[in-house]
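Chains A and B supply the protein sequences, listed in that same order. For the first sequence, my numbering begins at 1 and goes up steadily by one. For the second sequence, my numbering begins at 332 and goes up steadily by one. Positions of the beta carbon are idealized from the N, C-alpha and C atoms, including for glycine.
Protein chains: 2
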Amino acid sequence: MILDSPVSVFSSAAVGGKKEGEGPLGADFDFINEDSRFGEKTWEKAESKMQELAAKAALKKCGLSMTDMDFIFAGDLLNQCIASAFSARGSKVPYIGLYGACSTFAEALGLSAIFAEGIAQNCLAVASSHFCSAERQYRFPLEYGGQRPPSSQWTATASGAAVVSKNERPPFIKAVCFGTVEDLGINDQNNMGAAMAPSASATLSTFFKDTYTDPSDYDLIVTGDLGAVGAELLKELMEKEGFDLGENYNDCGLMLFEREKQQVESGASGCGCSAAVISGHIIPKLRCGELKNVLAISTGALMSPTSVLQGETIPGVAHLICFSSEKGGIF
Amino acid sequence: MILDSPVSVFSSAAVGGKKEGEGPLGADFDFINEDSRFGEKTWEKAESKMQELAAKAALKKCGLSMTDMDFIFAGDLLNQCIASAFSARGSKVPYIGLYGACSTFAEALGLSAIFAEGIAQNCLAVASSHFCSAERQYRFPLEYGGQRPPSSQWTATASGAAVVSKNERPPFIKAVCFGTVEDLGINDQNNMGAAMAPSASATLSTFFKDTYTDPSDYDLIVTGDLGAVGAELLKELMEKEGFDLGENYNDCGLMLFEREKQQVESGASGCGCSAAVISGHIIPKLRCGELKNVLAISTGALMSPTSVLQGETIPGVAHLICFSSEKGGIF
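Shown next as C-alpha cells:
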C-alpha cells in the first residue's frame with residue numbers, strides 16, 4: 001500500500017533496561033532503568049510502565065498530550081497482551097489491541113499510517129517486551145537457569161513509541177506492506193530466526209516486485225529480530241528471489257547488543273527490539289537526513305508454548321514500513 | 332467514524348459446537364460439530380479448524396475464494412492467538428493479528444470496514460473461542476471440575492467470519508466506534524459482565540452523543556457477552572448517561588443458550604459468542620430486511636490469569652459496529 005499522502009512520524013521515543021543501555025545503541029534511548037522492574041512490583045507491571053514511559057516521552061517531544069491522540073495501536077508478547085491493555089487504561093483514547101508477536105511494532109505503525117492518512121489526525125503506535133516476563137512465560141522461570149543454545153535470542157527489555165500524524169515534519173511513512181503467514185516447517189523454539197526468515201523474505205520480495213524497486217534504492221533495510229542465524233537465512237532466501245540485500249542490510253537484533261560481549265547468542269528479539277531500535281535509532285537518523293530511504297520489517301514468530309508442545313511448527317509473519325526523509329520521491 | 336461510503340457485509344458464516352447447536356440459535360449455524368474436537372487431536376487445533384470452516388463457509392456463500400481477500404483481520408483468546416495464526420497459515424493473504432479479548436470480532440469488522448472503504452476490495456474478519464481450550468487456559472483443567480459461581484459465564488465454542496467488501500449487497504456497515512479501556516475496579520474474574528459493562532457504556536454513550544442518535548433509532552442494540560449480570564449493569568450505567576436502552580436491547584451472551592436449561596449461569600462469553608451471533612443470526616436478518624438498523628458492541632475483558640494473581644483489576648474495552656439494511660439513512 002503506497003500512501004497517496006505520506007504521513008509524518010511526528011515523534012518517537014525508546015525506553016530500555018540496564019543491559020540495553022550498555023549496548024551499542026545505549027545513547028539512543030530516552031530513558032534507561034537501572035533495574036528490570038522500573039519501580040514496579042512485578043516484571044509484567046514493569047512492562048506496562050515501560051510502554052507508559054515511551055508514550056509519554058514521544059508525546060513530550062512533539063508537544064502533544066495523550067488527549068490529542070485519536071487512536072492507540074499497541075501490543076506486546078505477554079499472554080492476553082496485558083502490558084498494552086494496562087498501559088492504555090486511563091488514557092481515554094480508543095484502543096486497538098494487536099497481536100503480531102515480534103512484528104507488532106510495524107503492524108502498529110502500519111495501521112497508524114493508514115488511519116492518519118484517512119480519518120485520524122494523530123495515532124500512537126506502541127510495543128514492548130521484557131526479558132524476565134518473556135522468559136518465564138515462554139521458556140523457564142529465570143531461577144531455573146536454563147541453558148541457551150547458540151541459535152537462541154535474548155528478549156529485549158525495551159519499548160518504543162511513535163506518534164504518526166498528518167503533518168509536514170520528516171520523516172514520512174510512504175508505504176506499508178502487511179505480510180502473509182509463512183511456515184517452512186521449523187519446529188525448534190530456540191531457533192526463531194530460522195522460523196521468521198521465510199516471512200521476511202516473502203514480505204520484502206513482494207514489496208520490491210510491487211514497487212519496482214530493489215535493495216539498492218534504500219540506504220538501510222532492517223529486519224526486526226532475525227538475529228545472526230535468521231539474517232543469514234534471509235540473505236540466502238532473497239538471493240533465490242533474485243535480490244542481493246548487500247551492505248545496506250542489517251537486523252535490529254544484531255544492532256541492539258554486542259553479541260559476544262553481552263552474551264546474547266544469536267542476538268536480540270522481542271517486540272521491544274524493533275520498536276526501540278526503529279523509534280530510538282532509525283527515526284531520528286531519518287529526521288536529520290542522515291538516512292534517506294529505509295525499509296523496516298518487523299518479524300514475528302506466531303507460536304505459543306502450547307502449540308510447540310502439541311507438535312506444531314512455527315509460522316512467521318513480517319510487516320514492512322517504508323520510511324523516507326522527504327515527502328516526495330522513491331515511487 | 333461514519334463511513335462516507337458504507338461498505339457491504341458481502342457474506343458471513345458461523346460454526347459452533349454441540350451445545351451451541353442445541354441452543355435457541357442452533358438453526359442459524361452453518362456448521363455444527365457433534366463433538367468438541369472438530370476432527371482434530373487437541374482443542375487448540377479444533378479452534379483453528381473452526382476458524383477455517385467459518386471462513387470457508389463465508390467465502391462459499393459469496394462465490395469468492397481466499398485469494399480474493401486483500402487482508403485477514405483475526406483474533407482469538409488463546410495465548411499468542413494461535414488459533415488465528417495457524418488458520419491463516421497457507422492462505423497467502425496479508426494477516427493482521429488482533430487481540431481485543433472478547434471484543435475481537437467487532438475490532439476485526441471495524442478495521443475491515445475502514446480498509447474496505449479505502450484501499451481494499453475484500454477483507455475477511457474472523458474470531459473464535461472454544462470452551463475447553465479457554466477453561467484450561469484461564470481457569471482450571473476440565474478434569475478438575477471446578478465449581479461455577481452464578482455470575483460466571485460459559486465460553487462459547489464457536490467461530491464467526493464475515494467478508495467485508497466494496498459492493499452494493501446489503502447489509503452495510505455505516506459507522507464504527509472503537510472503544511477506550513475502562514476500569515471501575517472489578518477484580519473478580521468470575522464476574523466478567525461487571526468488568527466489561529463500563530466499557531460498553533462508554534462506547535455506546537459516546538456513539539449516541541457523537542451521532543445525535545438515541546436507542547429508539549435502532550431496531551436492535553446488542554452487546555457481545557455481558558451476560559445477565561453485565562447486561563443489567565449496562566442498563567443502569569446507560570440510564571445515568573441519560574439513555575434508556577429499553578426493549579430493543581439484548582446481549583449475544585443471553586441469546587446463544589437457554590441459560591437455565593443449558594446451565595450456563597450468567598450466559599455465554601468468548602470472542603466466538605458475538606462473532607457467531609452477529610455472523611449467523613444478525614447479519615442474515617439485516618440482509619432480508621427483518622432488521623433495519625443495528626448496533627453491535629462486542630465487549631472484552633483485558634485481563635490474564637497472571638494479572639489477576641498479581642492483584643490487578645480487570646479493564647474492559649468495547650468496539651461498536653453500526654449496521655444498516657440500506658446504504659442511505661440514519662445519520
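- Task: May I ask you to list, following chain order, the residues of the segment 369-385 of chain B that have a beta carbon less than 8 Å from some beta carbon of chain A?
- Result: Lys372, Thr373, Glu375 and Lys376
- Query: Listing by chain order, which chain A residues have their CB less than 7 Å from the CB of threonine 554 of chain B?
  - Reply: Ordered by position in chain A, no residue passes the 7 Å Cβ test against threonine 554 of chain B, which lies about 17 Å from the chain.
- Query: Which residues bound the beta strand (DSSP E) around valine 229 of chain A?
  - Reply: Looking at the DSSP string, valine 229 of chain A is not in any beta strand (DSSP E); the run it does join, the alpha helix (DSSP H), is 227-240.
- Message: Check whether the segment 630-643 of chain B and the segment 71-79 of chain A touch, using three or more Cβ-Cβ pairs below 8 Å as the test.
- Response: yes
- Should arginine 500 of chain B go down as buried or exposed, given a rule of 16 or more other Cβ atoms within 10 Å for buried? exposed
- How long is the line joining the alpha carbons of asparagine 364 of chain B and alanine 345 of chain B, rounded to whole angstroms? 12 Å
- Whole-angstrom Cβ separation of glutamate 596 of chain B and tryptophan 485 of chain B, contact assumed at under 8 Å? 7 Å
- Going by alpha carbons, who is nearest to threonine 313 of chain A out of A:Met238, A:Gly272, A:Gly185 and A:Met196? A:Gly185
- Hey, does cysteine 336 of chain A have any beta-carbon neighbour from chain B nearer than 7 Å? Here chain A has residues from 1 to 331 only, and residue 336 of chain A is not among them.
- Query: Looking at the unbroken beta strand (DSSP E) that takes in cysteine 393 of chain B, where does it start and where does it end?
  - Reply: Here cysteine 393 of chain B belongs to no beta strand (DSSP E), and DSSP marks it neither H nor E.
- Query: Would a check of beta-carbon distances place leucine 302 of chain A closer than 7 Å to chain B?
  - Reply: yes
- Query: For a contact meaning CB atoms closer than 8 Å, what does tyrosine 426 of chain B contact in chain A?
  - Reply: Phe178, Gly179, Thr180, Val181 and Val317
- Just tell me which of B:Leu617, B:Phe471 and B:Phe417 has its CA closest to the CA of serine 459 of chain B. B:Phe417
- Message: Taking 7 Å as the threshold (C-beta atoms), are leucine 124 of chain A and glutamate 135 of chain A in contact?
- Response: no
- Message: Taking the alpha-carbon of valine 338 of chain B as reference, which of B:Glu572, B:Tyr475 and B:Gly441 has the nearest alpha-carbon?
- Response: B:Gly441
- proline 171 of chain A: buried (16+ other C-beta within 10 angstroms of its C-beta) or exposed? buried
- Message: Going by DSSP, what residue range makes up the alpha helix (DSSP H) through valine 639 of chain B?
- Response: 636-640
- Along chain A, which residues have their Cβ under 7 Å away from the Cβ of arginine 420 of chain B? Val181, Asp183 and Pro315
- proline 198 of chain A - containing alpha helix (DSSP H), residue span: 192-211
- Three-state class that DSSP yields for serine 496 of chain B in the structure shown: strand
- Query: Which value, in whole angstroms, describes the spacing of the CA atoms of glutamine 262 of chain A and alanine 268 of chain A?
  - Reply: 10 Å
- Query: Residues of chain B with CB under 9 Å from isoleucine 119 of chain A, in chain order?
  - Reply: Met332 and Ile445
- Message: Using 8 Å as the cut-off, can you tell me whether the segment 598-618 of chain B makes contact with the segment 478-496 of chain B, which would need three or more C-beta pairs spanning the two stretches below that distance?
- Response: yes
- Item | Proximal residues of chain B, C-beta to C-beta of lysine 100 of chain A below 8 Å | The identity of residue 100 of chain A in the sequence shown is glycine, whereas the question assumes lysine. What glycine 100 of chain A touches in chain B: Ile427 and Gly428.
- Task: Please report the Cβ distance between lysine 623 of chain B and serine 655 of chain B, rounded to the nearest whole angstrom; I am assuming they are in contact, meaning their Cβ atoms lie under 8 Å.
- Result: 7 Å
- Item | Buried versus exposed call for threonine 104 of chain A [16 or more other C-beta atoms within 10 Å across all chains shown] | buried
- Task: Evaluate the contact criterion for the segment 342-359 of chain B versus the segment 225-240 of chain A: three or more CB pairs, one atom per stretch, below 8 Å.
- Result: no
- Message: Taking 7 Å as the threshold (beta carbon to beta carbon), is lysine 92 of chain A in contact with chain B?
- Response: yes
- Query: Once you ignore the five residues that flank phenylalanine 462 of chain B on each side, which residues in its own chain have a CB closer than 6 Å to its CB?
  - Reply: Thr486 and Thr488
- Task: Starting from the C-beta of aspartate 582 of chain B, find all residues in its chain whose C-beta is less than 6 Å away, skip the five residues before and the five after it, and write them out in chain order.
- Result: Thr554, Leu557 and Ala562
- Message: So if DSSP puts phenylalanine 31 of chain A in a beta bridge, which residue, or which two residues, is it bridged to?
- Response: A:Val15
- Buried or exposed: which applies to glutamate 247 of chain A, given that a residue is buried once 16 or more other Cβ atoms fall within 10 Å of its Cβ? exposed
- Exposure of proline 315 of chain A, with buried meaning 16 or more beta-carbon neighbours within 10 Å: buried
- Message: For the alpha helix (DSSP H) containing lysine 261 of chain A, name the first residue and the last one.
- Response: Premise fails: lysine 261 of chain A is in no alpha helix (DSSP H) and is neither H nor E.
- Query: Got a sec, what are the start and stop residues for the beta strand (DSSP E) leucine 626 of chain B sits in?
  - Reply: 624-632
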